[in-house]
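Q: Each number in the numbering used here comes from the position in the sequence shown (counting from 1) with 19 added on.
What follows is a single structure, and I will ask about it in a moment.
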Amino acid sequence: MIFYSKNWFCGKAYNIHVNGVLHCRVRYSQLLGLHEQIKKEYGSNVVPIFPPKKIFTLTPAEVEQRREQLEKYMQAVRQHPLLGASELFNSFLRNAQQETQQIPTEEVALDICLSNGQKVTVNILTSDQTEEVLDVSKT
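Following this line, the structure appears as structure tokens:
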């Protein structure tokens with residue numbers, strides 16, 4: 020994951036790139052919220068150190084320093100075997116991507132062709148993950 024900072028309204032936004040492509044844009048407060056949720060669920064001894072909040076306006080050098088710290092934080096979370104695979108972390112990135120790219124969540128009908136030739140139609144959300152779709156199709 021690579022971070023780039025960008026002015027966004029009256030604050031900063033950080034662009035998260037995955038494999039060289041913009042994945043999502045998040046604010047410091049969103050990342051802090053994620054950090055607090057991870058700490059609550061997994062304990063503070065598992066979670067990497069999060070860059071501290073500043074009271075005053077950041078200088079350009081401080082903005083760059085924070086960007087680097089946030090990038091290291093997100094990389095540490097992603098590479099952690101428990102945290103990186105967690106639904107909490109992955110749903111955060113998925114939701115941020117949907118918000119950034121303004122992808123609407125809609126209910127759609129999905130036709131599933133079974134190996135015995137039968138066709139089953141299930142109603143899913145466009146934001147559902149594969150595991151959720153498979154769970155619905157089993158019922």
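All residues carry an ideal CB built from backbone N, CA and C; glycine is no exception.
(1) Just the C-alpha distance for residue 82 and residue 59, rounded to the nearest angstrom, thanks.
(2) Which first and last residues belong to the alpha helix (DSSP H) in which residue 87 is found?
(3) Let me check one thing: in DSSP terms, what residues is residue 140 bridge-paired to?
(4) Touching or not, the segment 65-78 and the segment 113-133, by the rule of three or more beta carbon pairs under 8 Å?
(5) CB-CB under 6 Å to residue 66, same chain, minus the five flanking residues each way: which ones, in chain order?
(6) From residue 144 to residue 91, what does the alpha carbon distance come to, in whole angstroms?
(7) In or out: residue 35 buried (at least 16 other Cβ within 10 Å) or exposed?
(8) Could you spell out the range, first to last residue, of the alpha helix (DSSP H) harbouring residue 50?
A: According to the structure data:
(1) Residue numbering aside, residue 82 sits at position 63 when the sequence shown is read from its first letter. Residue numbering aside, residue 59 sits at position 40 when the sequence shown is read from its first letter. Cα to Cα, the separation comes out at about 27 Å.
(2) Mapped onto the sequence shown, residue 87 falls at position 68. Run containing residue 87: 79-98, per the alpha helix (DSSP H) assignment.
(3) In the sequence shown, counting from the first residue as 1, residue 140 sits at position 121. Paired residue(s): 130.
(4) no
(5) For the purposes of this step, residue 66 is taken as residue 47 along the sequence shown, with counting starting at 1. 57 and 58.
(6) Numbered from 1 along the sequence shown, position 125 holds the residue referred to as residue 144. Numbered from 1 along the sequence shown, position 72 holds the residue referred to as residue 91. Using only the alpha carbons, I get a separation of about 33 Å.
(7) Taking the first residue of the sequence shown as position 1, residue 35 is located at position 16. Residue 35 is buried by the Cβ-count criterion.
(8) To locate residue 50, count along the sequence shown from 1; it is residue 31. That run of the alpha helix (DSSP H) goes 47-61.
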